[in-house]
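Below: one structure, written as structure tokens.
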Amino acid sequence: MPELPEVETIASILCQGSPEQPALPGRHILGADLLWKRTLAEPAPGEFKSRLLGQVIETIGRRGKFLYFQLTRGWLLFHLRMSGDLLVRPRGTPFATHDRLVLQLDGDIQLAFNDARKFGRVWLVEEVDEVVGNLGPEPLDEGLTADDFFIHLHTTRRQLKPLLLDQTFLAGLGNIYTDEALNLAKLHPLTPANSLTQDQAVHLLEGIRTVLGDGIARNGASIDWVYRGGEFQNYFRVYQRTGEPCPECGTPIVRITVGQRGTHFCPQCQPAYIPNGG
DNA sequence: CACGAGACCTGTTCGC
DNA sequence: TGCGAACAGGTCTCGT
């Protein structure tokens, strides 16, 4: 499920609290129930528990699509993959159907990692870079300039769609926001990265920042039964709108498969790249 | 290096 | 109605 805006929304709620739930920083971890063993990437379950219990959650944040909790000693990281979610509930609430890991915290609350498809993973490590060390730059980081981005694009001839999904190239984009960003930038998803002009690179970075910013402003997207809250799904321009008119020109949106991922674009606004053809 | 297929999983929706 | 196929917000590994 979650891409950068959804993870950012969850991180912000866990960190600051909301009218419905208290903030987590400052709380002690009193207990841990691991209900699906493979959810824990590392360390082994016994060591996980002995190292985790008694620690305090100091800060909560996001890097790419990872959520991180800085603890008294070390870091607890979550990746929600396709269907993960983090839910705060009153202590003693019975386990829900797809709960994979439930942490008991002081203040009579529990934090549940719920994940229908079991793709999500949890790490407890000494250094945060053991998990997020090879991620690419944050797209919303102002330190990433259009010039940097242009140069970065020209290091490869890979197609834009799979390249933007590559977290070592840029951290945080997933299938939805990539399709939306390419549409805003009027770029075909199969365009070779090193064929972009400086102007096109500027528009692509702007498109990425616009869709991510809009997604965050609307608290992310809620596509199916998994995620609740956001409403960005009501503002998709091309994603899962196959056959519907392009909001720009009215041409029906087309769906193709790229790297085994559904890919949606407007064939009029985003014409295929033609070598030597301009 | 770049790409495609398969694996990991469950649940919903689509097509016959 | 029923049933299998296709599809879903992600990433890793392997083979070519």
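If you read the first sequence in this note's numbering, its first letter stands for residue 5, the second for the next number, and so on.
Ideal placement from N, C-alpha and C gives every residue a C-beta, glycine not left out.
A quick note: this is a predicted structure, and the numbers were derived from the prediction, not measured.
Given this structure, state the Cα-to-Cα distance separating residue i from residue j, to the nearest angstrom.
i: L91; j: A197; result: 39 Å
i: E142; j: L174; result: 6 Å
i: T97; j: Q108; result: 11 Å
i: F73; j: Q59; result: 11 Å
i: V206; j: N238; result: 26 Å
i: E130; j: L57; result: 15 Å
i: G21; j: E10; result: 16 Å
i: Q163; j: L194; result: 5 Å
i: P49; j: K41; result: 8 Å
i: K190; j: F153; result: 17 Å
i: A120; j: D203; result: 42 Å
i: T172; j: G124; result: 19 Å
i: C253; j: D218; result: 21 Å
i: W79; j: Q272; result: 47 Å
Thinking C-alpha only, which one of the options is nearest residue i?
i: K53; options: T201, F154, D37; result: D37
i: Y277; options: P251, D103, T201; result: T201
i: A225; options: S87, K41, G65; result: S87
i: L216; options: E51, D145, P251, G140; result: D145
i: L28; options: E235, R93, Q264, R259; result: R93
i: V135; options: P47, G247, G178; result: P47
i: Y243; options: G234, V258, E235; result: V258
For the alpha helix (DSSP H) containing residue i, name the first residue and the last one.
i: G50; result: 49 to 56
i: T13; result: 8 to 20
i: E134; result: 133 to 136
Can you tell me whether residue i is buried or exposed, with buried defined as 16 or more other CB within 10 angstroms of its CB?
i: K165; result: buried
i: F99; result: exposed
i: P279; result: exposed
i: K69; result: buried
i: G147; result: exposed
i: E51; result: exposed
I'd like the span of the beta strand (DSSP E) that includes residue i, first residue to last.
i: H83; result: 79 to 83
i: R259; result: 258 to 262
i: P94; result: 88 to 94
Item to check | Those runs of the alpha helix (DSSP H) which lie wholly inside the segment 138 to 201 and span at least 4 residues | outcome: 150 to 157, 164 to 169, 179 to 188
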